[in-house]
Amino acid sequence: MKAVSLFIPCTVDLFLPHIGEATVSLLRRAGVNPVYHEEQTCCGQPAINAGYQREARKAAKHFIQVFGGDEIVVSPSGSCVCMVKDHYPELLADEPEWLRRAEELAPRVFELSQYLVDVLKVEDVGASFGGKVAYHESCHILRGLGVSQQPKKLISAVKGIQMVPLNAADSCCGFGGEFANNYPEISEAMVQDKVENYLASGADLLLLCEPGCLLNIGGYLSRNHPGKKAMHLASFLAGNGREGR
Amino acid sequence: MEVRTEKFKDLARAELQNIYSRRFLKVGPPIMVMKRDLAMATFPDIPAARAYGAAIKAEAVARLPELLEEFEKNATANGAKVFWARDDREANQMILQLAKERGVPYVTKGKSMVTEEMGLNEILSKNGVEPWETDLGEFIAQQLNRPPFHIVGPAINVPVEEVRDLFMAKANMKEPTLDPVQLGYAARLFLRDKFHHVRFGITGVNMAVAETGTIINVENEGNIRFTKSCPRTQVSVMSLEKVVPTMKDALHLLRLLCRSCTGQRLSAYVSMDSGPKKKDEVDGPEELFIVIVDNGRSKIYQDPKSREALRCIRCAACLNICPVYRQIGGYAYGWAYSGPMGQVLNPLLLGMKRTQDLYRATTLCGACKDHCPVGIDHPSMFLYYRAKDVLDDPYFQGQRRPWVEKRFFQGWSLAVNRSWLWNLGTRMIRPLLNKGAREGIIREMKGPFSGWFRQRDLPALADKTFRERWKEIKNPEIV
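Top to bottom, those sequences are chains A and B. Under the numbering used here, the first residue of the first sequence is numbered 867, with each subsequent residue one higher. Under the numbering used here, the first residue of the second sequence is numbered -10, with each subsequent residue one higher.
Have a look at this one:
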């Protein structure tokens, strides 16, 4: 079986480990063998976003050392993948040897839905769900990676599912890492809009592929609309609509 | 104009409570984006059109000194007088002096962002020269004494009832009405009278063509053309990044500007002026002054990365698409330039100490970059500015970061390439963070993370991290 290397973001490792398990399960169903390097830590996104480029560079080099030998790296987060693909070459621009390694690694790193649909050509993962869902287009997945059709294809292939349109699906949910905490009023207004659009869509469930958006939208729903849920596509597919492996 | 960028948080909070602004923001920007998208779709190849625009501006900015000299030479040959102003004070003094020497009681103005930046109107009126804004939106904003809400539609958020009351009080309107055509007519009558007697006109510049010495203005109301053609004396004020190499370049930028700005393929009026009125011409000013304003731009030019900010053509596509602007509108940004373009430009023009919130109040969603017709990568600029703060950069006055944050990232970077230490760290944080958790959910937290918890919960840190679970599931038979 072909081996793929799991790149598990900190948010998933610490807060949402079931998304990591679901990723493992989906990859196995698709006929590949996920492996996990236990030396992995953080891709460096919090550091670069806070302006700590020297520290982010350290994370980048560590990541390249850990994952550099892998043929394929897959992650259930688009923004972490963008970090590796877009920001590592920028961060390491002045160190030719590291830059070369970063550029060699970049095209081998995939967001999960992108890998399943574009590389493995898998759309039907054998899931079923009798209900309506809407899909939120996360910023870094949509604009950073250009991934939009792939998750929708995976959703459409679920037996019994009905996908409903989400108004302003491509508008930011207001997460933005430290932004959500430092500018709470603005961030709340943004996530409120997102949730209102979700409620108006008539969907039973909001699906997305980004752990950051899930913490934000899910956190807002948990507080204000406890009956409504947002779910990562991986755990949705792996658990037939329940949070599961 | 008054700089209030330090008050971003307070202004934003106030604007989030402003029902009129928010009512407009829910509808206006999405419509403008739709119009922009439809207009952009008339290009046979949209990415190519944008890449061409980016290439033109990148070249123009890279060759700035040389192009400005070429422009000066050709504009002077056309009969214009070119003045160079190092900063807003110099530019204001030059213009004031020109007006004083000619003894004019008032001037008419076309909409110009650089004169907003300079605070020209205040200087003129303080010194006995009344400035009349003649762009309808700018006229309303000026009469209400408000900063621009939007760089293209400065008063676009003002409800029609307020415009009615304003025109009854200040624009000689006879009957109260909410009919936009009647309101427009009232403003037109009022301003026509100003044009009729005007001896001195001031406008901005959308593009200055080095090759021909031509200045180009784009508008939809005809007021700029009036201001440029009626008076004896005309002053065109431009910030120095308005120069482009050739007329061909200018024409492509014109295509991009009109589409990105108002969703038009071409605006109703485009004026191209090469010098003052010639002997055999009927219209036009007898004397034309072009004031080229630096006001911090050559400092930006010195830094190759920051230079990207000078590409901006003020189309406002980034404002219309920005999810933060769509919540708080233009006042919160505290100066002439708002939205993502202001967040990119203001820190460089005003210094980073005074503009901290501008490049932090962003989710880095990238919608601005996605809509920019000249290839500005706003999110990457924001990250660049944040890095300047961490380095205490003296050039752009980086603001030293808090001690706690610095220590946090020191610790973080110690652990980031030592997984054993990283894991130890996460195990130590878990009980601290989970202290207040009930049923796997954290609902409140005091201290530096309280912002999150005002309206949001957070899952508790899992009993077992993925790393710990992996040991159990790495053997496929178990799952």
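The beta carbon of each residue, even a glycine, is placed where N, CA and C say it ideally should be. The structure presented is a predicted model; accordingly, all values stated were derived computationally and were not measured.
Item	Value
Proximity test, B:A38 beta-carbon vs the ligand ATP heavy atom, cut-off 7 Å	The ligand content of the structure shown is nil, which means the ligand ATP is not present either.
Reference B:D414, options B:F397, B:E428, B:A426, closest by Cα	It is Gly, not Asp, that sits at residue 414 of chain B in the sequence shown. Closest option to B:G414, Cα to Cα, is B:F397.
Interface residues of chain B facing A:H928 [CB-CB closer than 7 Å]	V405, N406
Beta-carbon gap between A:E1044 and A:N915 smaller than 8 Å	yes
First and last residue of the uninterrupted alpha helix (DSSP H) at A:Q1058	1050 to 1067
Proximity winner among B:P120, B:Q332, B:E59, B:E270, relative to B:K89 (alpha-carbon distances)	B:P120
Proximal chain B residues relative to A:G1010, where beta-carbon distance stays under 9 Å	G355
Cβ pair B:T123, B:K159 closer than 8 Å	no
Cβ neighbour criterion (16 or more within 10 Å) applied to A:D960	exposed
Cα-Cα separation between B:Q399 and A:E905, rounded to whole angstroms	20 Å
A:L925 classed as buried or exposed, judged by whether at least 16 other C-beta atoms fall within 10 angstroms	Looking at the sequence provided, one finds Ala at residue 925 of chain A rather than Leu. By the neighbour-count rule (16 or more Cβ atoms within 10 Å), A:A925 is buried.
B:G193 beta carbon less than 8 Å from that of B:S101	yes
Identity of the residues DSSP links to B:S228 by a beta bridge	B:V282
Below-8 Å beta-carbon distance, B:I430 vs any chain A residue	yes
Neighbour-count burial assignment, B:D269, 16 or more Cβ in a 10 Å radius	exposed
Best match in B:C357, B:T235, B:E275, B:D366 for proximity to B:E55 [C-alpha to C-alpha]	B:T235
Chain A within 8 Å of B:F398, Cβ atoms only	yes
Within-8 Å CB hit, A:R895 to chain B	no
Cβ-based burial, B:W411 [other Cβ within 10 Å; buried from 16]	buried
Stretch pair the segment 255 to 264 of chain B + the segment 60 to 80 of chain B: three plus CB contacts closer than 8 Å	yes
N-terminal and C-terminal residue of the beta strand (DSSP E) that B:Y258 is part of	258 to 262
Residues near B:T31 in its chain [Cβ-Cβ closer than 8 Å; skip 5 each side]	R248, R254
Given A:L882 as reference, the closest of B:Y373, B:I317, B:R(-7), B:F455 once Cα atoms are compared	B:F455
Partner residues on chain A for B:K453, Cβ-Cβ distance less than 9 Å	P883
Where A:S943 sits in the DSSP three-state scheme	coil
Residues sharing a beta bridge with A:P900, DSSP	A:V870
Whole alpha helix (DSSP H) elements within the segment 164 to 243 of chain B, 4-residue minimum	169 to 186, 212 to 218
B:R221 versus B:G273: straight-line alpha-carbon distance, rounded	8 Å
7 Å Cβ cut-off: residues of chain B touching A:L1081	L447
Cβ contact check for the segment 1067 to 1077 of chain A and the segment -10 to 3 of chain B: 3 or more pairs under 8 Å	no
Same chain, Cβ closer than 6 Å to A:G997, five either side skipped, listed in chain order	D1070
Contact with chain A by B:S402, beta-carbon distance below 8 Å	yes
Cα-Cα separation, A:V870 to A:K927	20 Å
Span separating the alpha-carbon of A:Y902 from that of B:P465	13 Å
Closer than 7 Å at the beta carbon, the chain A residues around B:F438	N1047
Alpha helix (DSSP H) segment containing A:T889, residue limits	883 to 895
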